[in-house]
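Accompanying notes for the structure given below.
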Amino acid sequence: MNDVVELINRVQNAYARCIDSGKLEEWPDFFEENCIYKITTADNFAQGLEAGVIFANSRGMLLDRVASLREANIYERHVYRHFLGQPWIVSEDANEAKSETSFFVARIMRDGTTEVYATGRYIDVYKLNGGAPKLKERIVVCDSSRFDTLLALPL
Amino acid sequence: MNDVVELINRVQNAYARCIDSGKLEEWPDFFEENCIYKITTADNFAQGLEAGVIFANSRGMLLDRVASLREANIYERHVYRHFLGQPWIVSEDANEAKSETSFFVARIMRDGTTEVYATGRYIDVYKLNGGAPKLKERIVVCDSSRFDTLLALPL
Amino acid sequence: MNDVVELINRVQNAYARCIDSGKLEEWPDFFEENCIYKITTADNFAQGLEAGVIFANSRGMLLDRVASLREANIYERHVYRHFLGQPWIVSEDANEAKSETSFFVARIMRDGTTEVYATGRYIDVYKLNGGAPKLKERIVVCDSSRFDTLLALPL
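Residue numbers (my numbering), protein chains in the order written: chain S, 382 to 536; chain G, 382 to 536; chain E, 382 to 536.
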């Protein structure tokens, strides 16, 4: 198998486990210090609109976000379950890989209700770091343009 | 890893990307010139009933279908997001592989509604073409027998 | 690729196929003679509560369960479709592997309705048996605490 596919598969599995098990504080560790994290819609992305629903350009901003989520106590009210397709390698060299991966996230509310929360694709740039890839950029492109007000949570 | 699993994983990932990104015109390229493409239900399939909801026996028929979908302008009203399981290799030789793969397709309407659109399995015959597999036969067996009238879109 | 990931991927694919195609009688064969099979909720699991919705501690008990499901004729009324994430290897040695895998199960009723039935994770201990792994322990931890009364069916 393509080694990069395997590498990214593994790190994305860890990323999903981190969020799905509620270990939000560890989530920023999947990113480089200087990074882009953005959540946007397929419509906006297709039109080249820069604005995202969520935007961060450093790991510090991601940490801040986690802190405010904890304060707001929003996260405790529900959990996520991520499902990821195989990553599609758009390009790669020794240091960096660009990939795209379909995601599907189910949300399970405290009352037990389970629903399809979001589908879409990750458009990623990974710094490979000799086998310990971290995200230099993750643009989360959601298929739907209807957003839940809770979308501030990591996808 | 079994090389055929990897090969089919990759081509099926490309197949899903093609449809999910709306590049319908490229979809017939995943098939051999002489091919079978059929959508049917698990009930009909189990009873050996030949009739499918959709049937095509050449790449040309698939192209025709895409053309009429474009004309009817149906496709623009919603998008799909495919999720595929690992292919199960039923048999393989140097030229051909038979495989089965579970699929789950979410449909996202223009108003933002997301729903489970279809689940089922692909029953496939791939011509391997020395590493560039194409579908000789794809029977899409949907678990549900309740069909949306829009099912004419590729699965 | 990690050989154990590949091995477990393959056997879990077979496990899902077995249930999704209704071959319930073959399901206990995925387990060791002496085994634990338990279905529980994330809440109970997090609190260390031992009681599960379903509990079996031998392959014989799994066979008994299948027999009573057949008698009750429940299974015929609907089908499942499983989707599994990549297994996460928690630990492994030459004889045994511990892994965790996210699952998503859609349920398709006889009237055609399809719904998200359950999401969660398998917490597994596999005896590797020199390349033919069997489950020594499977704890099915469902994200939701709201259970359908039909949950007696295998997950």
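Glycine residues also receive a C-beta, built at the ideal position from the N, C-alpha and C atoms.
Please read all numbers here as calculations on a predicted model, not as lab measurements.
Query	Result
Could you have a look at GLY441 of chain G and say whether DSSP puts it in helix, strand or coil?	helix
Measuring only the C-alpha atoms, how far is ARG519 of chain E from ILE389 of chain S?	27 Å
Any chance the stretch 407-419 of chain E sits against the stretch 432-447 of chain E, with 3 or more Cβ pairs inside 8 Å?	yes
What alpha helix (DSSP H) runs, 4 residues minimum, are completely inside the stretch 432-506 of chain G?	440-453
Anything in chain S within Cβ reach of PHE411 of chain G, meaning under 7 Å, just list it in chain order.	Within 7 Å Cβ-Cβ: nothing; PHE411 of chain G doesn't reach chain S, min ~15 Å.
In this structure, what does DSSP give as the bridge partners for LEU516 of chain E?	E:PHE412 and E:TYR507
Please identify, using Cβ separations under 8 Å, the residues of the stretch 487-501 of chain G that lie next to chain S, in order along the chain.	ALA487, ILE489, ASP492, GLY493, THR494, THR495, GLU496 and VAL497
By DSSP's criteria, LYS404 of chain E is part of a beta bridge. Which residues make up the other side?	DSSP lists no partner for LYS404 of chain E.
For PHE426 of chain S, return the contacting residues in chain G, with the cut-off set at a CB-CB distance below 7 Å.	Simply none; closest approach about 11 Å.
Leaving out five residues on either side along the sequence, give the residues of the same chain with a beta carbon under 7 Å from the beta carbon of TYR503 of chain G.	GLU481, THR482, PHE484, ARG519 and VAL521
First and last residue of the alpha helix (DSSP H) that includes ASP424 of chain G?	423-427
Quick one: Cα of PHE464 of chain G to Cα of THR422 of chain S, how far?	19 Å
If you draw a straight line from the C-alpha of ALA499 of chain S to the C-alpha of ARG462 of chain G, how long is it?	11 Å
Taking C-beta pairs closer than 8 Å, name the residues in chain E that MET460 of chain S reaches, listed in chain order.	In the sequence under discussion, the amino acid at residue 460 of chain S is Val, which differs from the Met named in the question. The contacting residues are ALA423 and ASP524.
Using a beta-carbon distance below 9 Å, is ASP401 of chain S in contact with chain E?	yes
What's the gap between the Cα of VAL434 of chain G and the Cα of GLY429 of chain S?	38 Å
Leaving aside the five residues before and after VAL471 of chain S along the sequence, list all residues of the same chain whose C-beta is less than 7 Å from its C-beta, in chain order.	LYS479, SER480 and GLU481
Report the option in G:ASP384, G:GLY501, G:GLY511 and G:GLY493 whose CA atom is closest to the CA atom of CYS523 of chain G.	G:GLY501
Roughly how far, in whole angstroms, is the beta-carbon of ILE400 of chain S from the beta-carbon of TRP408 of chain S, given that I think they are within contact range, below 8 Å?	6 Å
Hey, how far is the Cα of ALA397 of chain G from the Cα of ALA395 of chain S?	24 Å
List the residues of chain S whose Cβ lies closer than 8 Å to the Cβ of PHE484 of chain G, in chain order.	The contacting residues do not exist; PHE484 of chain G stays about 11 Å from chain S at best.
Shorter than 9 Å from the beta carbon of LEU534 of chain S to some beta carbon of chain E?	no
Measuring only the C-alpha atoms, how far is SER526 of chain S from GLY403 of chain G?	17 Å
Measuring only the C-alpha atoms, how far is LEU405 of chain G from HIS459 of chain G?	13 Å
Within the 9 Å Cβ cut-off, does ARG451 of chain S reach chain E?	no
Would GLN467 of chain G pass as an interface residue toward chain E - the criterion being a Cβ-Cβ separation below 9 Å?	yes
If we ignore side chains and look at the alpha-carbon of each, how far apart do VAL506 of chain G and VAL447 of chain S end up?	48 Å
Could you tell me if the beta carbon of GLY511 of chain G falls within a distance shorter than 8 Å of some heavy atom in the ligand COA?	The ligand COA is not part of this structure, which contains no ligands at all.
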